[in-house]
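If you want my numbering, it's the position in the sequence shown, counting the first as 1, plus 33. The C-beta atom is built at its ideal place from N, Cα and C for all residues, glycine as well. This report concerns only the one structure given below.
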Amino acid sequence: MNSLPENLILSPLKQQDYPAVAALHLLGWQQAYSPIFGAEALQQFSLPAFEALWQERLAVPDRHYLGLWQHKQLLGFAGFGPAEAQQASAAEGEIYHFYLHPASWGRGVAGPLMKRVLGELKEGGYQRAVLWVLDANARARSFYANHQFSANGRRQERYRWGLHLMEVQLERSL
34 MNSLPENLIL SPLKQQDYPA VAALHLLGWQ QAYSPIFGAE ALQQFSLPAF
84 EALWQERLAV PDRHYLGLWQ HKQLLGFAGF GPAEAQQASA AEGEIYHFYL
134 HPASWGRGVA GPLMKRVLGE LKEGGYQRAV LWVLDANARA RSFYANHQFS
184 ANGRRQERYR WGLHLMEVQL ERSL
């Protein structure tokens, strides 16, 4: 689905949107990652910590954030901009965050958000879009494959927030 369903709005996120972004991000982590890490491992995360994180992130000048809204409720968001990795080329734009409210999973509303992000990366002069995804996140990997992303061979192992993250990088042409 590439057109925006009725009553949905795509708009740049503003600094004052951080509480809604933080709440959706936390809920997304709890729902998507509890089968991977276990619910107990995710109990350490708190809304105030996520709010502080997003208050900072939304102030970073080189990054762009889009929100998908319905009736003033945030259904999804994406963050994107220049690729962060040292081995990245200037031709690579990166999608740093792509989250959808779990109640909206499988309803076709994420497609227009992805289309807009890819369009803005292309307009920004990038030739490829890259992103990192948890290797074990089958739902996300399937979504990205449906949008022509494929693994490029780059992998990373990180420890963040006490979690062992095994990630694979996906890419596609713009």
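With H, G and I counted as helix, E and B as strand and the rest as coil, what does DSSP make of residue i?
i: V150; result: helix
i: N35; result: Any reading at N35 needs caution, since the residue's pLDDT is 49, under 50, leaving its predicted position unreliable; the model's value is listed next. Here N35 sits in coil by DSSP.
i: F182; result: coil
i: N132; result: Going by the sequence as given, residue 132 is Tyr instead of Asn. Strand at Y132.
i: R174; result: helix
i: G126; result: strand
i: V142; result: coil
Would you mind reading off the limits of the beta strand (DSSP E) that contains residue i?
i: L167; result: R161 to L167
i: S206; result: L196 to S206
Using the beta-carbon count (16 or more within 10 Å), is residue i buried or exposed?
i: E125; result: buried
i: V142; result: buried
i: H58; result: buried
i: A65; result: buried
i: Y98; result: buried
i: R191; result: exposed
i: L80; result: exposed
i: W194; result: exposed
i: G157; result: exposed
i: G139; result: exposed
i: G109; result: buried
i: N179; result: exposed
i: L46; result: buried
Item to check | Ranges of the alpha helix (DSSP H) found wholly within the stretch 42 to 121, counting only runs of at least 4 | outcome: 51 to 70, 72 to 75 and 80 to 90
Checklist entry - Is there contact between the stretch 159 to 169 and the stretch 128 to 141, where contact requires at least three CB pairs shorter than 8 Å? => result yes
Next on the checklist: Does the structure place the stretch 195 to 206 close enough to the stretch 174 to 186 that three or more beta carbon pairs sit under 8 Å?
Outcome noted: The stretch 174 to 186 makes contact with the stretch 195 to 206, as at least three CB pairs between them are under 8 Å.
Checklist entry - Contact between the stretch 52 to 72 and the stretch 132 to 140: three or more CB pairs below 8 Å? => result yes
Checklist entry - Is the number of C-beta pairs between the stretch 104 to 113 and the stretch 139 to 150 that are closer than 8 Å three or more? => result yes
Checklist entry - Counting pairs of beta carbons, one from the stretch 66 to 79 and one from the stretch 88 to 104, are three or more of them closer than 8 Å? => result no
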